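Residue numbers (our numbering): 273 to 570. By construction, the Cβ of each residue, glycine as well, lies at the ideal position given by its N, Cα and C atoms. Because the structure is a prediction, the values reported are computed rather than measured. Below is one structure, written out as structure tokens, with a few remarks after it.
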């Protein structure tokens, strides 16, 4: 056996073990759903920017009535639990979530609840001086001794705010936060990889051919999949701008950013702008990164 082949065959499992010793191989997305009750005011001319993991949703709020109108908003996560010590997305509270109206920061109400077997256990946890959200380091055995058998309870986070609009006025609202995408490694020959490309309206054969052209021994990619619910826009078209960047930690270069429903697309395969047709209630973006081929060659 040549030293080159030996290095490739041995180095792959070593790197893979090292990768998993610091983080999970894959983690699920935690989408942030936004809803609005407009009370005859309108949400129009929305533009969404996805810059790396930073999300900005910018809209015009318009009151055409002769009375003051309020628009009520809420943003909330699905139920989530804690994976363990090595979880990358340990904090699922969206701590940088921020809303501006005409450049001024809106006052937000925040909610953090804990649930176990269908029961809201927030009060029990708070009474025991425990954060309602699941977190690493919680002494589950100690909880059981205190009459709280809450192993692996779930939590969710929500924010709400109200924007008043003067009679016959309009203003600009901005919602800003850092997304929590699904991420992981995938084999380009896997059925899942092909399915993800097809589900995001990419050409499976063309993308695989491109990857093989980059390197004939190219086998693994790193991916991120973003879920951005936009049902609060009531099926209005959205201007979308996607800018993806290399991941410094592993020198991962973005190769493709795929999503369905975009017209007038311009730019590069990984950085583009266009108009998103909002027949769907969610933008799903699948981003493919080059993982260092010298590590994962066979």
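### Message
Going by DSSP in three states, residue 376 sits in which element: helix, strand or coil?
### Response
The residue labelled residue 376 in the question sits at position 104 within the chain shown. Here residue 376 sits in strand by DSSP.
### Message
Could you tell me the alpha carbon to alpha carbon distance between residue 294 and residue 474, rounded to whole angstroms?
### Response
By 1-based counting over the chain shown, the position of residue 294 is 22. By 1-based counting over the chain shown, the position of residue 474 is 202. Summary for residue 294: the model assigns pLDDT 40, below 50, so the residue's position carries little reliability, and this model does not support an answer.
### Query
Tell me which same chain residues have a C-beta within less than 8 Å of the C-beta of residue 406, skipping the five on either side of it?
For this step, residue 406 is matched to residue 134 along the chain shown. These residues qualify, in order along the chain: 352, 353, 354, 386, 424, 425, 426, 427.
### Message
Let's test the definition: count the other Cβ atoms within 10 Å of the Cβ of residue 307 and tell me whether it reaches 16, buried, or not, exposed.
### Response
Mapped onto the chain shown, residue 307 falls at position 35. It is exposed - the Cβ of residue 307 has fewer than 16 other Cβ atoms within 10 Å.
### Query
Does the distance from the CB of residue 512 to the CB of residue 320 come in under 7 Å?
What you label residue 512 is simply residue 240 of the chain shown in a count that begins at 1. What you label residue 320 is simply residue 48 of the chain shown in a count that begins at 1. Closer than 7 Å, so yes.
### Message
If the criterion is Cβ atoms closer than 7 Å, does the pair residue 342 and residue 434 meet it?
### Response
Here residue 342 corresponds to residue number 70 of the chain shown, with the count starting at 1. Here residue 434 corresponds to residue number 162 of the chain shown, with the count starting at 1. Against a cut-off of 7 Å, the Cβ pair of residue 434 and residue 342 comes out as a contact.
### Task
Take residue 369 as the anchor and find which of 450, 527, 506, 548 has the nearest alpha-carbon.
On the chain shown, residue 369 is found 97 positions in, with the first residue counted as 1. Ranking the options by Cα distance to residue 369, first place goes to 450.
### Query
What first and last residue would you give for the alpha helix (DSSP H) that runs through residue 577?
The displayed coordinates of the chain run from 273 to 570. Any statement about residue 577 would go beyond what the structure contains.
#### Entry: Separation of residue 562 from residue 492, as counted between CA atoms
Position 220 of the chain shown, counted from the start, is the residue given in the question as residue 492. Position 290 of the chain shown, counted from the start, is the residue given in the question as residue 562. Taking the straight line joining both Cα atoms gives about 8 Å.
### Query
Just how far apart, CA to CA, sit residue 575 and residue 517?
Given that the chain is displayed from residue 273 to residue 570, the structure contains no residue 575 and the question cannot be resolved.
#### Entry: Residue nearest to residue 442 in terms of C-alpha spacing, selected from 483, 317, 301
By 1-based counting over the chain shown, the position of residue 442 is 170. The shortest C-alpha separation from residue 442 is found at 317.
### Query
Using a Cβ-Cβ cut-off of 7 Å (strictly less than) and excluding sequence neighbours within five positions of residue 436, which residues of its own chain qualify?
By 1-based counting over the chain shown, the position of residue 436 is 164. Only 340, 342 meet the Cβ criterion.
### Message
As an exercise, report each continuous beta strand (DSSP E) stretch of at least 3 residues that is fully enclosed by the stretch 490-524, in chain order.
### Response
492-501, 510-515
### Task
Go to residue 342, then tell me how far its beta strand (DSSP E) extends in each direction, as first and last residue.
If you number the chain shown from 1, residue 342 lands on position 70. Residue 342 -> beta strand (DSSP E) spans 341-348.
### Per-residue DSSP class, three states only, for residue 363
For the purposes of this step, residue 363 is taken as residue 91 along the chain shown, with counting starting at 1. Note: residue 363 maps to coil in three-state DSSP.
### Message
Using 8 Å for Cβ pairs, my map puts residue 558 next to residue 530. What's the rounded Cβ distance?
### Response
On the chain shown, position 286 is the one that residue 558 refers to. On the chain shown, position 258 is the one that residue 530 refers to. Contact holds; Cβ gap of about 5 Å.
### Message
In the DSSP output, what is residue 335 paired with across the bridge?
### Response
Counting from 1 along the chain shown, the entry for residue 335 is found at position 63. Per DSSP, 441.
### Task
Can you say whether residue 438 is buried or exposed, counting buried as having 16 or more other CB atoms within 10 angstroms of its CB?
Here residue 438 is taken as the residue at index 166 of the chain shown, counted from 1. By the 10 Å Cβ count, residue 438 comes out exposed.
### Task
Might you give, ordered along the chain, the residues of its own chain that have their beta carbon closer than 7 Å to the beta carbon of residue 281, omitting 5 neighbours on each side?
Locating residue 281 in the chain shown gives position 9, counting from the first residue. Residue placement at residue 281 is poorly supported in this model, since its pLDDT is 38, which falls under 50; the coordinates still yield a value, given next. Hits under 7 Å: none found.
### Message
Measuring alpha carbon to alpha carbon, tell me which residue in 311, 374, 363, 326 is nearest residue 332.
### Response
Taking the chain shown and counting its residues from 1, the one referred to as residue 332 is at position 60. Out of 311, 374, 363, 326, 374 has the C-alpha closest to the C-alpha of residue 332.
### Message
I need the straight-line Cα distance from residue 376 to residue 545, nearest angstrom please.
### Response
Sequence index remark: in the chain shown, residue 376 carries index 104 (1-based). Sequence index remark: in the chain shown, residue 545 carries index 273 (1-based). For residue 376 and residue 545, the distance between alpha carbons rounds to 27 Å.
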